[in-house]
Structure formats: structure tokens, C-alpha cells
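J.: For the sequence shown, the UniProt record's numbering gives the first residue as 1, with consecutive numbering after it. The structure is given below, and queries will be raised subsequently.
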Amino acid sequence: MLKPRLNVLIVGAGLGGLSAAIATKLAGHEVLVLEQASTLSEVGAGIQIPPNSARFLISWGLREAIDRVSVLPEAIRLRSYRDGSILNEQPLVPLAEEDYGGPYWHCHRADFHKALVDKCYALGLTVKVRINSMVTKIDFEAPSVTLSTGSTIGADLIVGADGLKSKCREQFLGRSDPPHLTGDLAYRILIKVDEMRKHKDLEEFVRKPAINTWMGPQGHAVCYLLKGEGYYNIVLICPDNMPGGVNVMSADPVEVREFFKSWDPRLQKMISLVSSVSKWRLQNSTEMTSWTHPSGKFTLLGDACHATLPYLAQGAAIAVEDGGVLGGLLGKLEDRSQLPGLLRVYEDLRKNRTTRIVTGSTDMRNILHLNDGERQKRRDATLLADDVRPGFPNKWRDPVFRNFLFGYDGAREVEVAWERFRGKSGSGAAGAFRARL
Numbered sequence: 001m002l003k004p005r006l007n008v009l010i011v012g013a014g015l016g017g018l019s020a021a022i023a024t025k026l027a028g029h030e031v032l033v034l035e036q037a038s039t040l041s042e043v044g045a046g047i048q049i050p051p052n053s054a055r056f057l058i059s060w061g062l063r064e065a066i067d068r069v070s071v072l073p074e075a076i077r078l079r080s081y082r083d084g085s086i087l088n089e090q091p092l093v094p095l096a097e098e099d100y101g102g103p104y105w106h107c108h109r110a111d112f113h114k115a116l117v118d119k120c121y122a123l124g125l126t127v128k129v130r131i132n133s134m135v136t137k138i139d140f141e142a143p144s145v146t147l148s149t150g151s152t153i154g155a156d157l158i159v160g161a162d163g164l165k166s167k168c169r170e171q172f173l174g175r176s177d178p179p180h181l182t183g184d185l186a187y188r189i190l191i192k193v194d195e196m197r198k199h200k201d202l203e204e205f206v207r208k209p210a211i212n213t214w215m216g217p218q219g220h221a222v223c224y225l226l227k228g229e230g231y232y233n234i235v236l237i238c239p240d241n242m243p244g245g246v247n248v249m250s251a252d253p254v255e256v257r258e259f260f261k262s263w264d265p266r267l268q269k270m271i272s273l274v275s276s277v278s279k280w281r282l283q284n285s286t287e288m289t290s291w292t293h294p295s296g297k298f299t300l301l302g303d304a305c306h307a308t309l310p311y312l313a314q315g316a317a318i319a320v321e322d323g324g325v326l327g328g329l330l331g332k333l334e335d336r337s338q339l340p341g342l343l344r345v346y347e348d349l350r351k352n353r354t355t356r357i358v359t360g361s362t363d364m365r366n367i368l369h370l371n372d373g374e375r376q377k378r379r380d381a382t383l384l385a386d387d388v389r390p391g392f393p394n395k396w397r398d399p400v401f402r403n404f405l406f407g408y409d410g411a412r413e414v415e416v417a418w419e420r421f422r423g424k425s426g427s428g429a430a431g432a433f434r435a436r437l
């Protein structure tokens with residue numbers, strides 16, 4: 001049977017949008033990606049790629065490209081802010097590959113994005129990326145988008161993947177929906193590894209790749225090695241002190257040193273090596289009741305519909321999962337009339353999982369940022385005892401939650417959901433399908 005070939009329009013060329021483009025093209029459809037920026041690039045510094053998203057990337061033929069620019073951390077280590085002593089750790093090598101079928105990578109965000117862009121181009125002319133393409137209006141019934149230039153582009157399916165400040169989401173909701181403040185900001189820092197090697201007490205952090213997290217009052221620090229240019233990535237989270245209306249700005253290293261002046265002397269030494277710092281306001285969005293338009297010709301993915309805070313390092317991962325699941329379902333399409341039902345399957349497969357991760361990330365923030373006191377002492381004692389059980393404060397070590405995070409098999413979910421959908425479709429009940437998670 002000859003399967004239908006859809007024209008799929010993806011708004012946003014970030015990590016989620018490009019993942020959806022790759023998966024959808026590999027599923028046999030035509031893809032156009034619209035990006036409003038003037039260049040195809042990613043801002044930021046380090047990014048973590050856990051096995052739940054790594055397996056999708058490997059299935060798309062990206063293992064070698066990402067291996068080339070990535071580091072494999074041996075463990076996630078939670079440390080005391082006072083002296084950096086290790087309170088608990090979760091090994092990642094060989095656990096990630098052996099138990100979850102994929103590596104735990106970290107790399108520079110720009111390198112990850114470039115690997116996805118290169119894959120899009122390698123797939124041929126049917127995956128196109130247009131820059132300077134700002135969408136100003138969506139006709140959900142046609143469906144089509146109108147650009148700032150006044151031109152209109154039609155498609156069979158439109159996917160909104162335009163991030164936290166999504167204009168697609170606002171068009172879908174029919175109202176303004178700006179991000180809301182969380183009360184935190186992130187200082188982002190890159191330090192030359194060669195500078196760190198001049199200090200014997202910092203050698204440990206560059207000799208043994210690991211994700212090191214210092215937990216402290218009202219903040220935490222996450223540090224890990226990057227490949228290629230020889231940088232060490234540092235993200236420092238603390239209370240938001242940015243002026244209203246500003247979301248990204250440069251910061252004086254003095255203010256960073258002031259906040260962390262009572263923390264582990266080694267972390268303070270790293271900060272002392274910094275000459276420039278950027279700070280980013282951490283924002284979030286309100287959970288949506290639905291991502292898919294009743295027309296069955298439009299849906300959302302990634303931060304556009306389920307933005308999350310960075311405390312579990314899963315935001316990009318679940319956007320990649322979204323793209324993989326959506327593309328996988330589109331690859332099953334036997335008739336165009338199935339598209340509305342399959343979009344409902346996509347949302348049903350994804351929504352409960354992403355909501356749990358968004359909630360879990362907020363919970364992890366509260367665990368990491370405890371002020372000194374009885375709750376902090378109980379947390380530290382529990383971590384040191386390493387009596388691992390459900391609810392353990394190191395969520396990456398909690399066996400139930402870790403399996404939920406890392407063990408997710410989106411490709412398998414697609415296969416199971418498709419068989420259920422086909423069964424119900426055959427009895428005329430496709431519109432009532434709801435995946436049982």
C-alpha cells in the first residue's frame with residue numbers, strides 16, 4: 001500500500017524543531033522548517049544529553065557526530081556547598097549504556113545543534129530551513145502560516161516548535177501567554193581547562209569527567225567538562241536580581257563571587273578565573289490543557305507547550321523525545337484521514353510524561369536549594385547513608401524515578417500505540433483513542 005506523503009511545516013529550528021524535522025523526514029514526509037533568526041545557531045554553553053534522548057539520536061544515525069563533540073561523565077555527584085565533599089553519587093558509566101541502551105553525553109549546545117542541522121542538510125533538499133521567517137499568523141483550518149513579509153505558506157500539518165516565548169502557542173490559545181518568573185537566574189560561565197590545570201586542587205575536575213553539583217542555600221552550582229576547545233562549563237543558580245524586562249545580560253564577576261563567597265574554596269577558585277559572565281533569567285510557562293488543534297492539522301512540541309526548569313537537565317531531552325514520537329507516528333500513517341487521530345495519540349503519549357518531568361524538576365530545585373537547618377541536615381544524612389529507595393533525594397539515583405527518566409523507550413511507545421490505534425481505527429473508534437500510559 002502506497003502511504004501518503006505529507007507536507008509538514010515546522011516553526012522553529014531549535015533542538016526540538018530539528019529533531020522533529022529529522023524524524024519526520026525519515027518517516028517519508030516532506031519537511032520545511034521556518035526559523036525567524038538571521039542565522040542557524042544556538043546560544044548558551046553546556047548541555048546534557050541523557051540516554052532517553054540519546055537513543056533517538058542514535059537511531060537517526062547521529063552517534064558518531066555527537067560522540068565526536070561530547071564527553072561521557074562517569075557519574076553525577078552531589079556535593080556539600082561548604083567544602084565540596086561528596087554526599088551522594090550516581091554512576092553513569094557503564095550504567096547508561098548497559099541498563100538504558102544509550103550513553104549519557106554532555107557537550108556544547110552549539111555543537112549539538114550543529115549536528116542536528118548537518119543531519120537535516122544531509123537528508124536532502126526535501127528538508128529545507130528558511131531563516132528570517134517570522135510567523136505572524138496561523139490559519140489552523142487551511143492550515144497555513146503568514147510570515148512578516150506578508151507571504152503565506154500552506155502545509156498538511158503545522159508543528160509549533162518555537163520555544164518558551166512561542167508565538168504559535170499564543171495563536172493557538174488566542175491570547176497573550178508570556179513566560180512567568182520563577183525567582184531564579186543562572187550565571188553561565190566557561191573557563192579554559194588550561195587555566196584550571198595550573199591549580200592542583202582543581203585537577204580532579206578536569207581529569208575525571210563528571211557532573212558535579214554543589215547544593216547550597218537558595219542556589220546550586222553545576223559543573224562539567226566540555227570537549228573540543230578545552231572548556232569547563234559552570235552554571236550557577238541563585239535568586240533573580242535582574243531588572244524588570246531584561247532576560248539576558250552580562251554580569252560583573254564580582255557579584256558572582258559575592259554570592260558564592262562562603263562556598264567550597266575550589267568552586268570559589270574556579271569563579272575567580274572568570275573574566276566574563278552572562279546571566280539568564282529562568283522563566284517558565286503555565287501548563288496547557290491541550291497542545292493539538294481540533295482541526296487535526298496543528299500541534300506543539302518542546303518548550304512551546306511544556307517548558308521546564310533546568311534542575312533535572314531534561315528540557316532538551318524531552319523536546320527530542322517529542323520530535324521522535326511525532327515523527328514515528330507520522331511514519332505509521334496509512335491514510336490522511338488518520339492524521340487528527342494520530343495527533344491525539346501523540347499528545348496522549350507525551351503529556352503525562354512531560355508534566356511529571358516538569359513537576360519533578362521543580363521538586364529537585366527545592367531539594368538542591370535547602371537553607372541550612374534541620375531539613376538540610378536530614379537531606380544530607382539521607383544522601384550519605386545511600387539507602388536508595390523510591391523518594392530518595394538524589395532523583396537520578398532513585399531507582400523508580402531514574403528508570404522513568406532514562407528508561408523511556410519512545411520508539412516502543414509508538415509501536416504499542418499504533419497497534420492500539422489501528423485496532424480502534426478498524427472499528428471506527430479512532431477519534432476516541434486515548435493511550436494508556
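Don't be surprised by glycine CBs; every beta carbon is placed ideally from N, CA and C. Keep in mind that this is a model prediction, so the values were computed, not measured.
Decide yes or no for the touch test of the segment 318 to 331 against the segment 369 to 386: beta carbon pairs closer than 8 Å, at least 3 of them.
T.: No: fewer than three Cβ pairs fall under 8 Å.
J.: Does THR362 come out as helix, strand or coil in the three-state DSSP assignment?
T.: Position 362 of the sequence shown, counted from the first residue, corresponds to residue 362. THR362: helix per DSSP, three-state reduction.
J.: I think GLY14 touches GLY163, with their Cβ atoms under 8 Å apart; what is that distance to the nearest whole Å?
T.: If you number the sequence shown from 1, residue 14 lands on position 14. If you number the sequence shown from 1, residue 163 lands on position 163. With a Cβ gap of about 6 Å, GLY14 and GLY163 count as contacting.
J.: Verify whether the separation of the beta carbon atoms of TYR224 and LEU190 is less than 7 Å.
T.: Mapped onto the sequence shown, residue 224 falls at position 224. Mapped onto the sequence shown, residue 190 falls at position 190. Result no, Cβ atoms of TYR224 and LEU190 do not sit closer than 7 Å.
J.: Tell me TRP280's beta-bridge partners as DSSP assigns them.
T.: On the sequence shown, residue 280 is found 280 positions in, with the first residue counted as 1. ALA186, VAL248, per the DSSP bridge assignment.
J.: Give me, in chain order, the residues of the same chain whose beta-carbon lies closer than 6 Å to that of LEU273; leave out the 5 immediate sequence neighbours on both sides.
T.: The residue you call residue 273 lines up with position 273 of the sequence shown. Correct list, in chain order: ILE191, GLU195.
J.: Enumerated in chain order, which unbroken segments of the beta strand (DSSP E) with a length of 3 residues or greater are wholly contained in the segment 165 to 229?
T.: Entirely contained in the segment 165 to 229, the beta strand (DSSP E) runs reaching 3 residues are, in chain order, 180 to 192, 211 to 216, 219 to 225.
J.: Reducing DSSP to helix, strand and coil, say where PHE421 ends up.
T.: In the sequence shown, the residue the question calls residue 421 occupies position 421. Helix at PHE421.
J.: Using a Cβ-Cβ cutoff of less than 7 Å, which residues in the same chain neighbour GLU413 once the five nearest sequence positions on both sides are dropped?
T.: Residue 413 sits at position 413 when you count from the first residue of the sequence shown. Contacts found: VAL325, LEU349.
J.: Cα-Cα, which of THR308, PRO294, THR354 is closest to PRO143?
T.: The residue labelled residue 143 in the question sits at position 143 within the sequence shown. The residue with the shortest Cα to Cα distance from PRO143 is PRO294.
J.: Between which two residues does the beta strand (DSSP E) holding LYS137 run?
T.: In the sequence shown, residue 137 corresponds to position 137, counting from 1. Segment 135 to 139, the beta strand (DSSP E) holding LYS137.
J.: Just how far apart, CA to CA, sit ARG336 and PHE421?
T.: Counting from 1 along the sequence shown, the entry for residue 336 is found at position 336. Counting from 1 along the sequence shown, the entry for residue 421 is found at position 421. C-alpha separation (whole angstroms): 14 Å.
J.: Please determine, among GLY84, ARG82, ASP83, TYR104, the residue with the shortest C-alpha to C-alpha distance to GLN90.
T.: Indexing the sequence shown from 1 puts residue 90 at position 90. Taking only the C-alpha atoms, the option nearest GLN90 is TYR104.
J.: Among residues of its own chain, excluding the 5 on either side of LEU34, which ones have a beta-carbon nearer than 6 Å to its beta-carbon?
T.: For the purposes of this step, residue 34 is taken as the residue at position 34 of the sequence shown. The residues are VAL11, ARG130, SER133.
J.: DSSP state of PHE112, grouped into three classes?
T.: Your numbering for residue 112 matches position 112 in the sequence shown. Looking at PHE112 - three-state DSSP - the assignment turns out to be helix.
J.: Alpha carbon to alpha carbon, how far is LEU125 from ASP303?
T.: As a first step, residue 125 must be located in the sequence shown, where it is residue number 125. As a first step, residue 303 must be located in the sequence shown, where it is residue number 303. Note on LEU125: pLDDT 44, under 50, position unreliable in the model; the coordinate value appears next. Computed Cα separation, rounded: 27 Å.
J.: Return the first residue and the last residue of the beta strand (DSSP E) that ASN88 is part of.
T.: Here the question's residue 88 lines up with position 88 in the sequence shown. Segment 86 to 91, the beta strand (DSSP E) holding ASN88.
J.: Using only alpha-carbon positions, find the residue among LYS200, THR382, TYR100 that is nearest to PRO265.
T.: By one-based count along the sequence shown, residue 265 stands at place 265. If we check each option's Cα against that of PRO265, LYS200 comes out closest.
J.: Where DSSP assigns a beta bridge to ILE237, which residues make up the other side?
T.: As a first step, residue 237 must be located in the sequence shown, where it is residue number 237. Note: ILE237 sits in a beta bridge opposite ALA186, HIS220.
J.: Within 10 angstroms of the Cβ of TYR121, are there 16 or more other Cβ atoms? Answer buried if so, exposed if not.
T.: Residue 121 sits at position 121 when you count from the first residue of the sequence shown. TYR121 should be labelled exposed.
J.: Output the distance between the C-alpha atoms of SER278 and GLN48, rounded to the nearest integer angstrom.
T.: In the sequence shown, the residue the question calls residue 278 occupies position 278. In the sequence shown, the residue the question calls residue 48 occupies position 48. The alpha-carbon atoms of SER278 and GLN48 are separated by roughly 19 Å.
J.: Per DSSP, what kind of secondary structure is GLU413 in: helix, strand or coil?
T.: Stepping through the sequence shown from its first residue, residue 413 is reached at position 413. Three-state result, GLU413: helix.
J.: Is the segment 281 to 288 in contact with the segment 170 to 179, if contact means three or more CB pairs nearer than 8 Å?
T.: The segment 281 to 288 vs the segment 170 to 179: in contact.
J.: Which runs of the beta strand (DSSP E) spanning at least 3 residues fall entirely within the segment 261 to 346, listed in chain order?
T.: Taking only runs of at least 3 residues, the beta strand (DSSP E) segments lying wholly in the segment 261 to 346 are 277 to 284, 298 to 300.
J.: Since HIS29 contacts ARG5 with CB under 8 Å, what's their CB separation in whole angstroms?
T.: Reading the sequence shown from its first residue, position 29 is the one you call residue 29. Reading the sequence shown from its first residue, position 5 is the one you call residue 5. Right, the Cβ-Cβ distance comes to about 6 Å (below 8 Å), so this counts as a contact.
J.: Would you mind stating whether ALA186 and ILE234 have Cβ atoms separated by less than 7 Å?
T.: Stepping through the sequence shown from its first residue, residue 186 is reached at position 186. Stepping through the sequence shown from its first residue, residue 234 is reached at position 234. Cβ distance not < 7 Å, so ALA186 and ILE234 don't count as in contact.
J.: Between the alpha carbons of PHE401 and GLY150, how many angstroms are there, rounded?
T.: If you number the sequence shown from 1, residue 401 lands on position 401. If you number the sequence shown from 1, residue 150 lands on position 150. Between PHE401 and GLY150, the C-alpha separation is close to 48 Å.
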